[in-house]
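Colleague: Pasting in a structure now, in structure tokens, and then I'll have a few things to ask.
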Amino acid sequence: MLRSCSRKEFDKYTDFIYELAMNLTKSGYPTYCDGIKTKVMFVERSLKAFERDTEHMLLFEYEGEVQGMIHYFWISEDHYLQTICFNISQAMEQAISEFLAYVSERFKGYDVLLRFPAENNTAVNFLSECGYECIENDYNNTAFLDKFCEMRENCELIRIEKGNYGIFESLHRQTEGYWNSERMLADLNNWIILVNEKDGKPQGAVYYRAVSLVDGWFEIYGIDMNQKEYDSKLFKKMLNAALLDAKHRNGRFMTFFCDEEYEKATIECGFICIGKNLCYKVHLE
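Numbering (the working numbering), first residue to last: 1 to 285.
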């Protein structure tokens with residue numbers, strides 16, 4: 001059974017829910033096993049559910065006992081809903097089924113995104129068996145910037161601002177996903193975009209943003225390249241540029257989710273693989 005979680009109940013079950021968050025087989029994404037996030041960060045993020053009108057927290061009960069918590073947010077104008085926490089001790093399949101039934105009554109026409117570690121076999125197997133589309137199957141990588149060896153800054157790199165945004169847009173316009181060219185331009189103050197040029201033409205771009213400036217934590221959202229085929233040399237050049245730039249901004253951590261094709265080069269640039277993230281999309285009729 002699902003029911004709304006009160007602030008008092010959250011305080012009561014915090015230790016139990018965080019213990020689940022540290023278990024890849026019992027939790028959803030974002031994971032707290034990445035060497036970055038702490039219990040303090042977990043509590044701070046969870047409490048937003050009681051402060052924001054577009055977030056909600058549920059408790060899952062099974063056989064008369066609380067077995068976990070689900071925390072989610074939604075963006076009405078985009079008909080988009082995503083879980084922030086899906087930590088369940090027992091009866092994961094039932095929790096997923098009840099959650100989808102719960103939100104389907106309140107968010108008709110929305111796309112729901114559910115993210116789980118590959119290690120959470122119960123969740124990913126159930127979602128696959130239900131026929132839901134797996135839209136992402138990424139490696140989750142962390143770079144600890146205090147261990148990153150600085151390289152000479154590349155003079156070919158251009159920092160993108162509003163006045164020269166067209167340079168980046170020429171590379172990014174074909175990219176699929178939520179952060180398309182229009183949304184990034186509207187939110188440009190929160191993005192750091194570096195473009196590599198050769199003979200006056202853009203060859204590649206890396207774009208990232210701060211997750212938490214207080215914690216010195218950044219995340220790379222993508223690397224776009226002009227070539228039809230993957231260029232590992234250019235890819236690593238852009239990745240190293242982002243790491244160096246983040247370090248100069250007093251960064252401590254960098255997160256990067258990437259496909260299998262790019263994982264080898266990512267590790268060679270100093271990232272550590274935390275695990276795999278699988279994202280399933282469910283459309284609510």
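For each residue, glycine too, the CB sits at the ideal point set by N, CA and C.
Of the residues T54, E9, V66 and K12, which one's Cα is nearest the Cα of M1?
Modeller: Per the Cα distances, V66.
Colleague: How far does the alpha helix (DSSP H) with Y72 in it reach, from first residue to last?
Modeller: From DSSP, Y72 is part of no alpha helix (DSSP H) but of the beta strand (DSSP E) over E65 to I75.
Colleague: Helix, strand or coil: which one does DSSP assign to R209?
Modeller: It is a strand residue.
Colleague: So what's F148 in DSSP terms, helix, strand or just coil?
Modeller: It is coil, neither helix nor strand.
Colleague: Rank L213, E44 and L171 by C-alpha distance to the C-alpha of A246 and give the top, closest one.
Modeller: Taking only the C-alpha atoms, the option nearest A246 is L213.
Colleague: At which residues does the alpha helix (DSSP H) containing H79 begin and terminate?
Modeller: No alpha helix (DSSP H) holds H79; DSSP gives it neither H nor E.
Colleague: Excluding the five sequence neighbours on either side, which residues of its own chain have a C-beta within less than 7 Å of the C-beta of L307, listed in chain order?
Modeller: There is simply no residue 307 to check, as the chain begins at 1 and stops at 285 in what is shown.
Colleague: Given this structure, state the Cα-to-Cα distance separating E197 from I158, to the nearest angstrom.
Modeller: Rounded to whole angstroms, E197 to I158 spans 8 Å at the Cα level.
Colleague: Are the stretch 269-284 and the stretch 134-141 touching by the rule of at least three beta carbon pairs closer than 8 Å?
Modeller: At 8 Å Cβ cutoff, the stretches touch.
Colleague: Can you give the Cα-Cα distance for K48 and L234, rounded to whole angstroms?
Modeller: Going from the Cα of K48 to the Cα of L234 covers about 40 Å.
Colleague: Can you name, in chain order, every residue of its own chain whose Cβ lies under 7 Å from the Cβ of Y230, other than the five neighbours on each side?
Modeller: Here the set comprises E261.
Colleague: Does the count of Cβ pairs from the stretch 47-64 and the stretch 20-31 closer than 8 Å reach three?
Modeller: Touching, no, given that fewer than three Cβ pairs across the two stretches are closer than 8 Å.
Colleague: Determine which residues share a DSSP beta bridge with A143 and list them.
Modeller: The partner list for A143 (beta bridge, DSSP) reads M254.
Colleague: Just the Cα atoms here: how many angstroms apart are M225 and Y165?
Modeller: The alpha-carbon atoms of M225 and Y165 are separated by roughly 16 Å.
Colleague: Can you look up S27 in the DSSP assignment and give me helix, strand or coil?
Modeller: Note: S27 maps to coil in three-state DSSP.
Colleague: Can you tell me which of E263, C33, T14 and T142 puts its alpha carbon nearest to the alpha carbon of K116?
Modeller: It should be noted that the sequence gives Phe, not Lys, for residue 116. Checked all of E263, C33, T14 and T142; the closest Cα to F116 is C33.
Colleague: To the nearest angstrom, how far is the alpha carbon of L59 from that of F73?
Modeller: Taking the straight line from one Cα to the other gives about 15 Å.
Colleague: Pull up the distance between the alpha-carbon of V112 and that of C130, whole angstroms please.
Modeller: Computed Cα separation, rounded: 14 Å.
Colleague: Please tell me whether F168 and A210 are closer than 8 Å, where the distance is taken between their beta carbons.
Modeller: For F168 and A210, no; Cβs fall outside 8 Å.
Colleague: Would A95 be called buried (16 or more neighbouring beta carbons within 10 Å of its own) or exposed?
Modeller: Buried is the call here.
Colleague: Helix, strand or coil for M41? Go by DSSP, reduced to three states.
Modeller: DSSP places M41 in helix when its eight states are reduced to three.
Colleague: For Q203, does the count of other Cβ atoms within 10 angstroms reach 16, so buried, or fall short, so exposed?
Modeller: Q203 is buried by the Cβ-count criterion.
Colleague: Leaving out five residues on either side along the sequence, give the residues of the same chain with a beta carbon under 7 Å from the beta carbon of G216.
Modeller: If we look at G216 and ignore the five residues flanking it on each side, its Cβ neighbours are N250, G251, R252 and F253.
Colleague: Secondary structure at I160, three-state DSSP: helix, strand or coil?
Modeller: The answer is coil: DSSP assigns I160 none of H, G, I, E or B.
Colleague: Taking its Cβ as the centre, do 16 or more other Cβ atoms sit within 10 Å of V40, making it buried, or is it exposed?
Modeller: Answer is exposed; the Cβ neighbour count stays below 16.
Colleague: Where does Y178 land, buried or exposed, given buried means 16+ other C-beta within 10 angstroms?
Modeller: So Y178 counts as exposed.
Colleague: Measure the C-alpha to C-alpha separation of N240 and A265 and round it to an integer number of angstroms.
Modeller: Those two C-alpha atoms are separated by around 11 Å.
Colleague: Strictly by DSSP, which residues pair up with W217?
Modeller: Partner(s): S212 and F253.
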